[in-house]
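To start, the structure itself, in structure tokens.
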Amino acid sequence: MPQINRRLLLQGAALTPFIFNFVPQAFAAAGTSANRPEFTVAVAALPATLEPARELSNVGTRVTYSIFDTLIRRDFLGSPDGGGSQLKPHLATSWERVSASELIVKLRQGVKFHNGDELTAEDVVYTFRDGRLRGDKAQIPGGKPYFGILADVTAIDPYTVRFTTKVADVLLEQRLASWCSWIVNKRAYEQMGFDAYSRAPVATGPYRVVSHNQNEATVLEAFDDYFLGTPTAKKVTFRAVPELAARVAGLVSNEFDLITNIPPDQVAIIGGYDDIDVRSVVLANAHVLVFDNHDKLLSDKRIRQALCFAIDRQKLVDTLWLGKAEVPASHNYPEYGQMFVEGRKLPFDPQKAKALLAEAGYKGEKIVYKTQASYYTNALEAAQVLVEMWKAVGINATLQVVETSDQMKGNGAQIYNWSNSTRLPDPLGALWVAWGPGGEVQATDVWSPESRKVFTELGRALEAETDPAKRKVLFVKMLDAWEDEAPGTILYQPFEAYAIKKSIEWRPTTFYFMDLRPDNLRFPQA
Amino acid sequence: MTAHSLVAIALRVLRSVFTLILCVTLVFIVLRTAGDPVEQLLPPETPPSVLEEYRVAWGLDRPLYVQYFSYLGRAMTGDLGVSFTNNLPVSAIVAEALPRTLLLGVSALLLASVLGLTFGIIGAMRRGGPVDRGVMAFAVLGYSMPIFFLGIMLILLFALQLRVLPSSGAKTWAHLIMPTVTLALPLAGRIARFARTATLEVLGKQFIRTAHAKGAGQIRVILKHALPNAMVPLLMFYGIEIGLTLSGAVVTEAIFAWPGLGRLLVSSVSARDLPVVQGVILTVTLIIVLSNLVVDILHAFIDPKVSLSSTLGGTR
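Chain order of the listed sequences is R and Z.
Quick note on the numbering used here: the first sequence kicks off at -12 and runs consecutively.
Quick note on the numbering used here: the second sequence kicks off at 231 and runs consecutively.
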């Protein structure tokens, strides 16, 4: 039997790194592409596929943003809060409005796809063809809210494309910068087929796909021919780590460089590590309540208004969100640019709530508020506080926690949770998408036809209007109608927090994109 | 093998098939009545017309009984359908995750067996003494500690504080250590208690006294005479524990991001990817049914007093 002595122990210690597979990484750092580190992001979940238009969610777009490019780029980081809405040339060098329903786009020349093909108008036409994002047999029906409006997309020459819409559309440029407008490679898409392409897409983005497994990791490698410059990381790995403790432990022990989905109550703890920074951003999304008009009690708008007036939104933000979430100025956001209405606010007025209840003859009938416990961050906590706020003005509210969205919105629901994202920085890309005729509250008559009539007429007028001043007037009237009829109300805009190694330069954006392009991801010099 | 034995095996296989069909039916009904998967899969503001298009594409607009018989018919031929989320065949998705779960499960069973049997036998040999009490305290601690808590504690200690083990993933064998220990410790506790009782029972038998009288040493008596006899009840115990280990793997894999069947089950349940959920549950049921069948057959071979037909519940 071998004797354990000092020499044996030292030999064992020397072998340990090999056993733990540490050596390859150590050598990699000194290799040829040495000066570029690998970047590992631990996320709570990964998308099922990498077809960006199929994965219109925070989980999906976080990854696909590094693989794909759009014709026009929304400059989120042009604003200090990460919510800029200026449009910048990207795969397109310029665009010109020929009419209210026609746009000519000039493509950047010399842009390469990951397979070496050059980007041409054919790829753009293929991306927006009838049958992919639009049309009766669209492969991706989720694309219709964005591009169902297109009548035709044609190539004028190899670097020029004409977009024509069915009706006047002031938002077409914004649509082309949205999360549904990533340009795909025609040759790869046709050769691989829809499903195979969805698993290993070929595009023009700064990183190309090495492998993807939804339950394990998505591995990307730098695409050095990227038209905006050489990517700063040699390899980017998105690891699926659902458990927060494991994500935090991995970040602290240097397994990961960045972790997502930090809940508000963990921000201070994680931010307490010397080498870790918590970077948060207020999302272009609002948590809202819906008041069901089918209900006899809530069909009286005074009761609905009273529910709105009784909510101290700032208190919710301060207590549940550490003051880092935001109470918006109604369904009205600064990223709308010139359409943003200054000076509006959602009032907190308990006396007015009491007066409205008295006027409506409310006699303490029970009002049921249904919520899922954890679909939305802090939903349950906020619900408990809301019930108390309503009780304080005399509303007999009760909370029911349910499992599924069906149960929440099903029979017996009087109030339930929802969220509204600002998909495009314009009222038509937010308020109208959610509360207009294409949205579920109108389709299910949760907002009754008589109550929504004025709002809908104004919205249709806004869709057809192209004059900025008139559009703003219409929007103000829409907001008035929405607040007065109170089919629901906004609570707050939540924040999304990321924890990252302090030495790494990176900024989050208000949308769910994770921008790892060379201008937003920089590592300290070795 | 006698004709009786063959009949018994055939009957048992039939019972297993019935169990599988029952399980598939129950899971199908529960999943289909637990909410609309389309609403769960798509973003909250997706227009109702788009939701309806997805319902039609996935066959969810058809009556429930049509969906059920269509699924059952395809499942009989090995076609478990395709995932709602990525259109991949469910069988391929399950086949990709299964080896990882088997690796974790087998590792945990081996570790738990080594720890549990060792402590159980030591406890029996030192019955009533401080060693026995210490061993039993370990056993109680092992099986009463929730897997979720244990897993997090291990991460905090070995990944966060000591930084000697990776916190999650399945890249190297080092990634296997914490999930294995998490899954094995509760099982080891249960095995230790069971092994102690079984060994104590055997140690009181006459043949053990005879072995001692013939001059056999304590180790030899335990290994050669006591352990093989104690294995009979232990084997049956393992049959039950395989199911518990697999259910424990669901939690363990979620904590450590181990990309096996448990992790797949959790992610597909939260995404309401019904075909995948059904495929995973069918596979897990199949493993449990098969392992119990194997245990029953092994029981008859190990214990000469028991016939194959009696262990399988057939006729003598």
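Just so it is clear, CB atoms sit at the ideal spot from N, CA and C, and this is done for glycine as well.
Could you tell me which of the options sits nearest to residue i, measuring between CA atoms?
i: L523 (chain Z); options: Z:L236, Z:P277, Z:F467 and Z:S246; result: Z:S246
i: R330 (chain Z); options: Z:L516, Z:F486 and Z:V525; result: Z:F486
i: T410 (chain Z); options: Z:A342, Z:M466, Z:A240 and Z:L495; result: Z:A342
i: K221 (chain R); options: R:D212, R:G47, R:I170 and R:F115; result: R:D212
i: S313 (chain Z); options: Z:V514, Z:I517, Z:F531 and Z:D503; result: Z:D503
i: Y363 (chain R); options: R:S392, R:M376 and R:D336; result: R:S392
i: E483 (chain R); options: R:V420, R:Y349, R:E352 and R:A312; result: R:A312
i: P481 (chain R); options: R:L445, R:N365 and R:P424; result: R:N365
i: L94 (chain R); options: R:K459, R:G69, R:Y146 and R:Q338; result: R:Y146
i: V112 (chain R); options: R:A293, R:G103, R:G129 and R:D144; result: R:D144
i: I170 (chain R); options: R:F150, R:A271, R:G192 and R:E89; result: R:G192
i: F115 (chain R); options: R:E105, R:A40, R:V50 and R:S66; result: R:A40
i: L415 (chain R); options: R:A79, R:R23, R:N102 and R:P132; result: R:P132
i: K396 (chain R); options: R:L367, R:P424 and R:K357; result: R:K357
i: N444 (chain R); options: R:F100, R:A468 and R:R119; result: The sequence shown places Glu at residue 444 (chain R), rather than the Asn named in the question. The shortest C-alpha separation from E444 (chain R) is found at R:A468.
i: G310 (chain R); options: R:R174, R:L418 and R:A255; result: R:A255
i: L90 (chain R); options: R:S286, R:T152 and R:R509; result: R:T152
Could you name the residues of chain R that residue i contacts, counting a contact when the two beta carbons are closer than 8 Å?
i: N316 (chain Z); result: A35, T36, D182, S185, R186 and Q201
i: S321 (chain Z); result: Here the premise fails: no neighbours, minimum Cβ distance about 15 Å.
How long is the line joining the alpha carbons of residue i and residue j, rounded to whole angstroms?
i: D156 (chain R); j: G135 (chain R); result: 12 Å
i: A400 (chain Z); j: L406 (chain Z); result: 7 Å
i: F195 (chain Z); j: V507 (chain Z); result: There is simply no residue 195 (chain Z) to check, as chain Z begins at 231 and stops at 546 in what is shown.
i: P76 (chain R); j: T57 (chain R); result: 9 Å
i: F349 (chain Z); j: M408 (chain Z); result: 21 Å
i: N398 (chain R); j: S438 (chain R); result: 20 Å
i: F531 (chain Z); j: I517 (chain Z); result: 21 Å
i: P505 (chain R); j: F214 (chain R); result: 11 Å
i: M465 (chain R); j: G330 (chain R); result: 16 Å
i: E109 (chain R); j: V98 (chain R); result: 13 Å
i: A87 (chain R); j: V154 (chain R); result: 8 Å
i: Q178 (chain R); j: S521 (chain Z); result: 44 Å
i: T224 (chain R); j: G47 (chain R); result: 14 Å
i: R186 (chain R); j: M355 (chain Z); result: 58 Å
i: V239 (chain R); j: V496 (chain Z); result: 26 Å
i: L413 (chain Z); j: G445 (chain Z); result: 41 Å
i: L415 (chain Z); j: F424 (chain Z); result: 14 Å
i: Y301 (chain Z); j: G289 (chain Z); result: 11 Å
i: G303 (chain Z); j: T51 (chain R); result: 37 Å
i: P424 (chain R); j: W434 (chain R); result: 10 Å
Find the residues of chain Z that neighbour residue i, judging by a C-beta separation of less than 8 Å, and give them in chain order.
i: A312 (chain R); result: In chain order: nothing, as chain Z lies at least about 18 Å away.
i: R226 (chain R); result: S398, G399 and A487
i: A255 (chain R); result: Residues of chain Z passing the Cβ test: none, with the nearest at roughly 17 Å.
i: Q394 (chain R); result: G265
Residues of chain Z with a CB under 9 Å from the CB of residue i: which are they?
i: T391 (chain R); result: A264, G265, D266, E269, Q270 and R502
i: A32 (chain R); result: S497, S500 and A501
i: Q161 (chain R); result: Here the premise fails: no neighbours, minimum Cβ distance about 17 Å.
At 9 Å on the CB atoms, spell out the chain R contacts of residue i, in chain order.
i: I485 (chain Z); result: P229, E230, A232 and A233
i: A400 (chain Z); result: E203
i: L494 (chain Z); result: Q201 and N202
i: I470 (chain Z); result: Residues of chain R passing the Cβ test: none, with the nearest at roughly 28 Å.
Please list, in chain order, the chain R residues whose beta carbon lies closer than 7 Å to that of residue i.
i: I385 (chain Z); result: A232, A233 and A236
i: P489 (chain Z); result: N200, N202 and E203
Residue i versus chain Z: which residues are under 7 Å apart at the beta carbon?
i: P128 (chain R); result: V280, E283 and Y284
i: S240 (chain R); result: A389, L390, R393 and S397
i: A430 (chain R); result: P278
Since residue i meets chain B, which of its residues come closer than 9 Å, beta carbon to beta carbon?
i: L474 (chain Z); result: The structure shown has no chain B; the protein chains it does contain are R and Z.
- Task: Quick one: which residues of the region 112 to 142 of chain R get their C-beta closer than 7 Å to a C-beta of chain Z? List them in chain order.
- Result: Listed in sequence order: P128, G129, K131 and P132.
- Message: Suppose only complete runs of 4+ residues qualify. What are the alpha helix (DSSP H) ranges in the region 333 to 382 of chain Z, listed by chain order?
- Response: Listed in chain order, the complete alpha helix (DSSP H) runs (minimum 4 residues) inside the region 333 to 382 of chain Z are 360 to 374.
- Which whole runs of the alpha helix (DSSP H) in the region 466 to 507 of chain Z are 4 residues long or more, in chain order? Fully enclosed alpha helix (DSSP H) runs of no fewer than 4 residues occupy 491 to 500 of the region 466 to 507 of chain Z, in order along the chain.
- Just list the alpha helix (DSSP H) runs in the region 218 to 249 of chain R, keeping only unbroken ones of 4 residues or longer that don't cross its boundaries, in chain order. Here the runs fully enclosed are 231 to 239.
- Inside the region 380 to 458 of chain Z only - alpha helix (DSSP H) runs reaching at least 4 residues: The DSSP assignment places 404 to 433 and 436 to 443 as complete runs of the alpha helix (DSSP H) inside the region 380 to 458 of chain Z, in order along the chain (cut-off: 4 residues).
- Message: Along the region 320 to 342 of chain Z, where does the CB come closer than 8 Å to a CB of chain R? Name the residues.
- Response: Result list: E326 and A327.
- If contact means a Cβ-Cβ distance below 7 Å, which residues of the region 356 to 383 of chain Z contact chain R? Listed by position along the chain: I382.
- Counting only runs that start and end within the region 141 to 213 of chain R, where is the alpha helix (DSSP H) found for 4 or more residues in a row? The region 141 to 213 of chain R contains these whole alpha helix (DSSP H) runs: 159 to 162, 173 to 179 and 181 to 186.
- 4-residue-minimum alpha helix (DSSP H) runs that sit fully inside the region 251 to 275 of chain Z, ordered along the chain: Assignment of alpha helix (DSSP H) within the region 251 to 275 of chain Z, counting only whole runs of 4 or more residues, yields 267 to 271 in chain order.
- Message: At a CB distance below 7 Å, what residues from the region 54 to 79 of chain R approach chain Z? Give them in sequence order.
- Response: So nothing in the stretch comes that close.
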